[in-house]
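Asks: Handing you this structure, nothing more for now.
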Amino acid sequence: MRVLVLGAGGMLGRDLVDAAERSAHEVTALGHAELDVTDAAAVEAAVQASRPQWVANCAAYTRVDDAEHEAEEALRVNGEAAGVVARAAWAAGATALYPSTDYVFDGEKKSDYVESDPVAPLSSYGRSKLAGERAGEGHLVVRSSWLFGVGGRNFVETMLGLAARRDELRVVEDQVGSPTFTPHLAEGLVGLMEADARGVRHLTAGGSCSWRDFAREIFARTGAPVRVAGCTTEDFGAPAPRPRRSVLASEHPDTPKLPHWTEGLDAYLAARVPA
Ligand SMILES: NC(=O)c1ccc[n+]([C@@H]2O[C@H](COP(=O)([O-])OP(=O)(O)OC[C@H]3O[C@@H](n4cnc5c(N)ncnc54)[C@H](OP(=O)(O)O)[C@@H]3O)[C@@H](O)[C@H]2O)c1
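Final position of the sequence shown in the working numbering is 308; the numbers increase by one with none missing.
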């Protein structure tokens, strides 16, 4: 299988390149500096040149809080450019893969969200990702959540950085999701491409937790001498609203199963290079 990965320098992009190469696929990797996905002519030329079966669009505007005041830019990258990539892929006989997010849901459902549940994004970022999901006909949309991967901006590094400077932290306890290790997600994405999947799929780590419990597990494993107290979403006061409970499940029996999030955390801590 020939795969073109866009946004290949990002947290997920890098791990997807690795996972596809490990499965002996032929990969062309283009980072932001090599290709801007909002440049339609450049996207078309890149797709034509690499003649892929799949175009994995890992390029994204991912600063959830900044998107509240940069809504147009978020929509341009996550929404409009997703349409550009999906159309360029289709014109070249390829399929686009669009990674999406649990933030397309409002988090009010009491049980896990499946693919056919109604979407209702709360934030500008969530709306831009939903626009991207809807921008490509015949593409594969894979929603995941709470990503962490080596070398990326992520919650684990944020917590370890704070623990080095403080002995007590307050961490949000009323948001629940599934922290997903990007190499595990990347392997699942390769599996879905190999299976020629289409439509919307939910693909996250097994299990779920609050951000507070995630933080406690990080410190339990690293031995950082820091106390973790819970706080509410309101107390924390992040600019972008986030879903309270956005645990995802798949209603498609052939969707790959990823390891539990604590296994992802162990693998992350074993692989990370301390700052
Ligand atoms: N992180 C999460 O918790 C999470 C959760 C669910 C879903 N997702 C989705 O998973 C995907 C990957 O996220 P990630 O966490 O790997 O994000 P990331 O580390 O921020 O990577 C995104 C990459 O896209 C690049 N990019 C931004 N604008 C671009 C443009 N116009 N043209 C080309 N490249 C551009 C960025 O380059 P620069 O750094 O140079 O801007 C960066 O390398 C995204 O679709 C995201 O929405 C993420």
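The C-beta atom is built at its ideal place from N, Cα and C for all residues, glycine as well.
Is there at least one non-hydrogen atom of ligand 1 closer than 8 Å to the beta-carbon of Trp123?
Replies: Residue 123 sits at position 90 when you count from the first residue of the sequence shown. No, the beta carbon of Trp123 sits no closer than 8 Å to any heavy atom of ligand 1.
Asks: Is Ala74 helix, strand or coil by DSSP?
Replies: Here residue 74 is taken as the residue at index 41 of the sequence shown, counted from 1. Ala74: helix per DSSP, three-state reduction.
Asks: Does ligand 1 have even one heavy atom less than 8 Å from the beta-carbon of Trp179?
Replies: Stepping through the sequence shown from its first residue, residue 179 is reached at position 146. Yes; taking the cut-off as 8 Å, the Cβ of Trp179 has a heavy atom of ligand 1 nearer than that.
Asks: Using alpha carbons as the reference points, say which of Val97, Gly210, Trp123 and Thr191 lies closest to Ser309.
Replies: The chain is shown only over 34 to 308; residue 309 falls outside these bounds and no answer can be derived.
Asks: Less than 8 Å separating the Cβ of Val70 from some heavy atom of ligand 1?
Replies: Within the sequence shown, the letter at position 37 stands for residue 70. Yes, the beta carbon of Val70 sits closer than 8 Å to at least one heavy atom of ligand 1.
Asks: Report the rounded CA-to-CA distance for Gly239 versus Thr213, giving the unit in angstroms.
Replies: Here the question's residue 239 lines up with position 206 in the sequence shown. Here the question's residue 213 lines up with position 180 in the sequence shown. Cα to Cα, Gly239 sits roughly 8 Å from Thr213.
Asks: Could you tell me whether the stretch 180-188 touches the stretch 144-152, where touching means 3 or more Cβ pairs closer than 8 Å?
Replies: With the cut-off at 8 Å, the stretch 180-188 and the stretch 144-152 do not touch.
Asks: Which one of Thr295, Ala228 and Ala219 has the shortest CA to CA distance from Arg249?
Replies: For the purposes of this step, residue 249 is identified with residue 216 of the sequence shown, where counting begins at 1. The shortest C-alpha separation from Arg249 is found at Thr295.
Asks: Helix, strand or coil, according to DSSP, for Asn111 in the structure here?
Replies: Locating residue 111 in the sequence shown gives position 78, where the first residue counts as 1. Helix, per DSSP.
Asks: Could you name each continuous beta strand (DSSP E) segment of 3 residues or more that falls completely within the stretch 266-303, going from the start of the chain to the end?
Replies: none
Asks: Can Val117 be considered in contact with ligand 1, in the sense that its beta carbon sits closer than 8 Å to one or more heavy atoms?
Replies: In the sequence shown, residue 117 corresponds to position 84, counting from 1. A distance criterion of 8 Å places the beta-carbon of Val117 beyond contact range of ligand 1, judged by its closest non-hydrogen atom.
Asks: Is there contact between the stretch 34-44 and the stretch 77-90, where contact requires at least three CB pairs shorter than 8 Å?
Replies: yes
Asks: When every heavy atom of ligand 1 is checked, does at least one fall within less than 8 Å of the C-beta of Leu45?
Replies: Numbered from its first residue, the sequence shown carries residue 45 at position 12. Yes - ligand 1 has a heavy atom lying nearer than 8 Å to the Cβ of Leu45.
Asks: Given that a residue counts as buried once 16 or more other Cβ atoms are within 10 Å of its Cβ, and exposed if not, what is Ser157?
Replies: For the purposes of this step, residue 157 is identified with residue 124 of the sequence shown, where counting begins at 1. Buried is the call here.
Asks: Can you find at least 3 beta carbon pairs, one from the stretch 126-133 and one from the stretch 266-284, that sit closer than 8 Å?
Replies: Taking 8 Å as the limit for Cβ pairs, the verdict is that the stretch 266-284 does not touch the stretch 126-133.
Asks: For Arg288, verify whether its CB is less than 8 Å away from any heavy atom of ligand 1.
Replies: Taking the first residue of the sequence shown as position 1, residue 288 is located at position 255. The question names Arg, but residue 288 in the sequence shown is Thr. Every heavy atom of ligand 1 is 8 Å or more from the Cβ of Thr288, so no.
Asks: Label Arg278 either buried or exposed according to how many other C-beta atoms from any shown protein chain fall within 10 Å of its C-beta, with 16 as the threshold for buried.
Replies: As a first step, residue 278 is located in the sequence shown; it is residue number 245 there, counting from the start. Answer is buried; the Cβ neighbour count reaches 16.
Asks: For Leu108, which residues of its own chain have a beta-carbon under 7 Å away from its beta-carbon, when the five flanking residues on both sides are left out?
Replies: What you label residue 108 is simply residue 75 of the sequence shown in a count that begins at 1. Answer for Leu108: Ser161 and Ala164, listed in chain order.
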